[in-house]
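*Asks:* Next up is a structure, given as structure tokens.
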Amino acid sequence: MLHPGLYEQVINEALNRELSEIPEARKSVAPIDQAEASKVLAQYLADVVQKGLQNILDNGGGISAQIGLANQIVELIGNTTQEADFAALGIAQRAEQLLALLREQDPRLAVGKTATDLVRPETSMAQSSLFTGAIHEPQMYMELKREIVSADRIDMLVSFIKWSGLRLLMDELREFTQNGGELRIITTSYMGATDIKAIEELRQLPNTQIKVSYNTKQTRLHAKAYIFVRNTGFTTAYVGSSNLSNAALTSGLEWNTKVTRRDLPETIGKIAATFEYYWNDREFEYYGEDQKERLARALKAEKYFDSNDVAAYVMDITPYSYQQEILDKLEAERTIRGYTRNLVVAATGTGKTVISALDYKRFCKQNSDKPCRLLFVAH
Numbered sequence: 029m030l031h032p033g034l035y036e037q038v039i040n041e042a043l044n045r046e047l048s049e050i051p052e053a054r055k056s057v058a059p060i061d062q063a064e065a066s067k068v069l070a071q072y073l074a075d076v077v078q079k080g081l082q083n084i085l086d087n088g089g090g091i092s093a094q095i096g097l098a099n100q101i102v103e104l105i106g107n108t109t110q111e112a113d114f115a116a117l118g119i120a121q122r123a124e125q126l127l128a129l130l131r132e133q134d135p136r137l138a139v140g141k142t143a144t145d146l147v148r149p150e151t152s153m154a155q156s157s158l159f160t161g162a163i164h165e166p167q168m169y170m171e172l173k174r175e176i177v178s179a180d181r182i183d184m185l186v187s188f189i190k191w192s193g194l195r196l197l198m199d200e201l202r203e204f205t206q207n208g209g210e211l212r213i214i215t216t217s218y219m220g221a222t223d224i225k226a227i228e229e230l231r232q233l234p235n236t237q238i239k240v241s242y243n244t245k246q247t248r249l250h251a252k253a254y255i256f257v258r259n260t261g262f263t264t265a266y267v268g269s270s271n272l273s274n275a276a277l278t279s280g281l282e283w284n285t286k287v288t289r290r291d292l293p294e295t296i297g298k299i300a301a302t303f304e305y306y307w308n309d310r311e312f313e314y315y316g317e318d319q320k321e322r323l324a325r326a327l328k329a330e331k332y333f334d335s336n337d338v339a340a341y342v343m344d345i346t347p348y349s350y351q352q353e354i355l356d357k358l359e360a361e362r363t364i365r366g367y368t369r370n371l372v373v374a375a376t377g378t379g380k381t382v383i384s385a386l387d388y389k390r391f392c393k394q395n396s397d398k399p400c401r402l403l404f405v406a407h
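Heads up, the sequence shown is in the numbering used here, so the first residue is 29 and it goes up one at a time.
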């Protein structure tokens, strides 16, 4: 039975019969976009094929029977398209997955290591997953350590970097860069939270580039992303709430999504493209040894303010949506209707004091050339 609401569902025969009994005014359908048809249909077929393979298993069939059905589908596609390449896409009867491959001259081979000894993440390299800090999940920092040692390039985008967090990954990052891996990091001086020691340790790593945004008043980078690019095509990225700090990577109640290129290629592409956009933005400047003092000043300025400077502040208060609505109405009453005496009525605890302060702040900006006064009467 269909439930009322929004859909984005390919209409199959069963759904078509059900829809035929529903009045036109109650349903909205649209043709499949030709440019998106291959993606839309592939997603639908993936569900159908998975259901079919599960059905074989439920009826007593084994992995060989499932492979047989999969190969029938591949053969049908090859016969329909008349493309010879599809003949090589049949699944081998050994029913195995390739997990790792070493270079021909890999030094680990000389000391008796094999590809089986390579460290790999506990979570899948081909299926996206969510980290919530639950007990049964691998710890975020441990998974990042495993991702580092198997990557070909690493890009990190974090608001701030604490030494307490960086030291959890430092051994792996040092080995990664010493073995020729390229590391790029984007961070900021936001809130003065970054540790100079952490940035300096990173700067001394080979094959490492760091960019910093010092303009935290306009560019408030709050994104956190760890991108592990692999030449094999199995690129992964962790996007969520964890900055590079001990608490965020170990015990904090942080949520992070692991995105894989195999099942979400468009998302990985967007993550990579956005990182490149930031990397080439003039707002983010290369950090070198000569920038240490500048970064220290910027971090200190974010933490403290000059008590003799009446314009300085330590935080910026953003109104809630309902407070902003009241502020907009007050502005409209003054500028459009010419009413300068207005009454605001709001329940206890909804921030009438904050509304008054923000309204007065805006009034001062609009009348910067005049003496501005505020009378606030409290019961």
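Just so you know, even glycine gets a beta-carbon here, dropped at the ideal spot from N, CA and C.
Buried or exposed for D113, going by 16 or more other Cβ atoms inside 10 Å?
*Replies:* Walking along the sequence shown from the start, residue 113 turns up at place 85. Exposed: under 16 other Cβ atoms inside 10 Å.
*Asks:* Please tell me whether Q351 and G377 are closer than 7 Å, where the distance is taken between their beta carbons.
*Replies:* Here residue 351 is taken as the residue at index 323 of the sequence shown, counted from 1. Here residue 377 is taken as the residue at index 349 of the sequence shown, counted from 1. Not a contact, by the Cβ cut-off of 7 Å.
*Asks:* Look up D183 in the DSSP assignment and say whether it is helix, strand or coil.
*Replies:* Locating residue 183 in the sequence shown gives position 155, where the first residue counts as 1. D183: strand per DSSP, three-state reduction.
*Asks:* Here's a check: name, in chain order, each residue in its chain whose Cβ is nearer than 7 Å to the Cβ of L15, leaving out the five neighbours to either side.
*Replies:* Shown here, the chain extends from 29 to 407; a query on residue 15 therefore has no answer.
*Asks:* Skipping 5 residues on each side, what residues in its chain have a beta carbon closer than 7 Å to that of R248?
*Replies:* On the sequence shown, position 220 is the one that residue 248 refers to. For R248, where only same-chain residues beyond five positions count, the Cβ hits under 7 Å are Y218.
*Asks:* Tell me whether S187 is buried or exposed, calling it buried when 16 or more other Cβ atoms sit within 10 Å of its Cβ.
*Replies:* Position 159 of the sequence shown, counting from 1, holds the residue named residue 187. With 16 or more other Cβ atoms within 10 Å, it is buried.
*Asks:* Please classify R325: is it buried, with 16 or more other beta-carbons within 10 angstroms of its beta-carbon, or exposed?
*Replies:* Numbered from 1 along the sequence shown, position 297 holds the residue referred to as residue 325. Exposed is the call here.
*Asks:* Spell out the partners DSSP gives L211 in its beta bridges.
*Replies:* Residue numbering aside, residue 211 sits at position 183 when the sequence shown is read from its first letter. In DSSP, L211 forms a bridge with I182, T236.
*Asks:* Return helix, strand or coil for I255, following the three-state DSSP convention.
*Replies:* Walking along the sequence shown from the start, residue 255 turns up at place 227. I255: strand per DSSP, three-state reduction.
*Asks:* Quick check: the region 180-194 against the region 250-258, are there 3 or more CB pairs under 8 Å?
*Replies:* Taking 8 Å as the limit for Cβ pairs, the verdict is that the region 250-258 does touch the region 180-194.
*Asks:* Under DSSP, the beta strand (DSSP E) around G268 begins and ends at which residues?
*Replies:* Here residue 268 refers to the residue found at position 240 of the sequence shown. From DSSP, the beta strand (DSSP E) with G268 extends over 264-268.
*Asks:* Roughly how many whole angstroms lie between the Cα atoms of F159 and E171?
*Replies:* Here residue 159 corresponds to residue number 131 of the sequence shown, with the count starting at 1. Here residue 171 corresponds to residue number 143 of the sequence shown, with the count starting at 1. Each residue's Cα considered, the two are about 10 Å apart.
*Asks:* Using a 10 Å radius around the Cβ and a threshold of 16 neighbouring Cβ atoms, would you call D216 buried or exposed?
*Replies:* Position 188 of the sequence shown, counted from the first residue, corresponds to residue 216. In the sequence under discussion, the amino acid at residue 216 is Thr, which differs from the Asp named in the question. Its Cβ being crowded by 16 or more others within 10 Å, T216 is buried.
*Asks:* DSSP on S157, reduced to helix/strand/coil?
*Replies:* Numbered from 1 along the sequence shown, position 129 holds the residue referred to as residue 157. Of the three classes helix, strand and coil, the one that applies to S157 here is strand, per DSSP.
*Asks:* According to DSSP, is Y314 part of a helix, a strand, or is it coil?
*Replies:* Within the sequence shown, the letter at position 286 stands for residue 314. Strand at Y314.
*Asks:* Name the residue from L386, V382, I354, T363 whose alpha carbon lies nearest to the alpha carbon of L371.
*Replies:* As a working note, residue 371 is residue 343 in the sequence shown. Checked all of L386, V382, I354, T363; the closest Cα to L371 is I354.
*Asks:* Using only the alpha-carbon positions, how far apart do A143 and I60 sit?
*Replies:* Stepping through the sequence shown from its first residue, residue 143 is reached at position 115. Stepping through the sequence shown from its first residue, residue 60 is reached at position 32. Between A143 and I60, the C-alpha separation is close to 45 Å.
*Asks:* Return the CA-CA distance between P293 and L211, expressed in angstroms with no decimal places.
*Replies:* Counting from one through the sequence shown, the residue named residue 293 turns up at place 265. Counting from one through the sequence shown, the residue named residue 211 turns up at place 183. Their Cα atoms are separated by approximately 22 Å.
*Asks:* Could you tell me whether the region 127-143 touches the region 230-244, where touching means 3 or more Cβ pairs closer than 8 Å?
*Replies:* Contact fails: fewer than three Cβ-Cβ distances are below 8 Å.
*Asks:* Anyone know if the C-beta pair for L194 and L272 falls short of 7 Å?
*Replies:* For the purposes of this step, residue 194 is identified with residue 166 of the sequence shown, where counting begins at 1. For the purposes of this step, residue 272 is identified with residue 244 of the sequence shown, where counting begins at 1. Going by C-beta atoms, L194 is nearer than 7 Å to L272.
*Asks:* Among I163, K55, Q100, I39, which has the Cα closest to the Cα of Q71?
*Replies:* Counting from 1 along the sequence shown, the entry for residue 71 is found at position 43. Considering only alpha carbons, the answer is I39.
*Asks:* Run through DSSP, which three-state label would I84 get?
*Replies:* Here residue 84 is taken as the residue at index 56 of the sequence shown, counted from 1. Helix.
*Asks:* State the Cα-Cα distance for the pair G4 and R290, rounded to the nearest angstrom.
*Replies:* In this structure the chain extends from 29 to 407, so residue 4 is not present and cannot be described.
*Asks:* Measuring only the C-alpha atoms, how far is E229 from K357?
*Replies:* Numbered from 1 along the sequence shown, position 201 holds the residue referred to as residue 229. Numbered from 1 along the sequence shown, position 329 holds the residue referred to as residue 357. Using only the alpha carbons, I get a separation of about 52 Å.
*Asks:* Please report the straight-line C-alpha distance between A276 and L386, rounded to a whole angstrom.
*Replies:* On the sequence shown, residue 276 is found 248 positions in, with the first residue counted as 1. On the sequence shown, residue 386 is found 358 positions in, with the first residue counted as 1. Their backbone Cα atoms lie some 33 Å apart in a straight line.
*Asks:* For I224, collect the residues of the same chain with a Cβ closer than 8 Å to its Cβ; drop the 5 residues on either side in sequence, then sort them by chain order.
*Replies:* Walking along the sequence shown from the start, residue 224 turns up at place 196. K320, L323, A324, L327.
*Asks:* Would A265 pass as a contact of V287 if the rule is Cβ separation under 7 Å?
*Replies:* Against the sequence shown, residue 265 aligns to sequence position 237. Against the sequence shown, residue 287 aligns to sequence position 259. Going by C-beta atoms, A265 is nearer than 7 Å to V287.
*Asks:* In whole angstroms, what is the alpha-carbon distance linking T368 and L403?
*Replies:* Taking the sequence shown and counting its residues from 1, the one referred to as residue 368 is at position 340. Taking the sequence shown and counting its residues from 1, the one referred to as residue 403 is at position 375. Taking the straight line from one Cα to the other gives about 14 Å.
*Asks:* Decide if G88 is buried, meaning its Cβ has at least 16 other Cβ atoms within 10 Å, or exposed.
*Replies:* Locating residue 88 in the sequence shown gives position 60, where the first residue counts as 1. Label assigned to G88: exposed.
*Asks:* Measuring straight from C-alpha to C-alpha, what distance separates T363 and Q394?
*Replies:* Numbered from its first residue, the sequence shown carries residue 363 at position 335. Numbered from its first residue, the sequence shown carries residue 394 at position 366. Their Cα atoms are separated by approximately 11 Å.
*Asks:* For G316 and R122, what's the separation of their Cα atoms in angstroms?
*Replies:* For this step, residue 316 is matched to residue 288 along the sequence shown. For this step, residue 122 is matched to residue 94 along the sequence shown. Each residue's alpha carbon lies about 53 Å from the other.
*Asks:* V76 by DSSP, collapsed to three states: which one?
*Replies:* Residue mapping note: residue 76 aligns to position 48 of the sequence shown, counting from 1. Reduced to three states, the DSSP call for V76 is helix.
*Asks:* By the 10 Å Cβ neighbour count, where 16 or more other Cβ atoms means buried, how is N284 classified, buried or exposed?
*Replies:* In the sequence shown, residue 284 corresponds to position 256, counting from 1. Its Cβ being crowded by 16 or more others within 10 Å, N284 is buried.
*Asks:* Please report the residue range of the alpha helix (DSSP H) in which K286 lies.
*Replies:* The count along the sequence shown starts at 1 and reaches residue 286 at position 258. First-last for K286: 284-288, but that is the beta strand (DSSP E), not the alpha helix (DSSP H).
*Asks:* What did DSSP end up calling D334 once you bin it into helix, strand or coil?
*Replies:* Within the sequence shown, numbered from 1, the residue matching residue 334 stands at position 306. Only weak support is given to the placement of D334: the predicted model assigns it a pLDDT of 41, under 50, and the value that follows is read from those uncertain coordinates. Looking at D334 - three-state DSSP - the assignment turns out to be coil, as it is neither helix nor strand.
*Asks:* Assuming S270 and M168 are in contact, meaning their beta carbons sit under 8 Å apart, how far apart are those beta carbons, in whole angstroms?
*Replies:* Taking the first residue of the sequence shown as 1, we reach residue 270 at position 242. Taking the first residue of the sequence shown as 1, we reach residue 168 at position 140. The Cβ separation is near 6 Å, so the contact holds.
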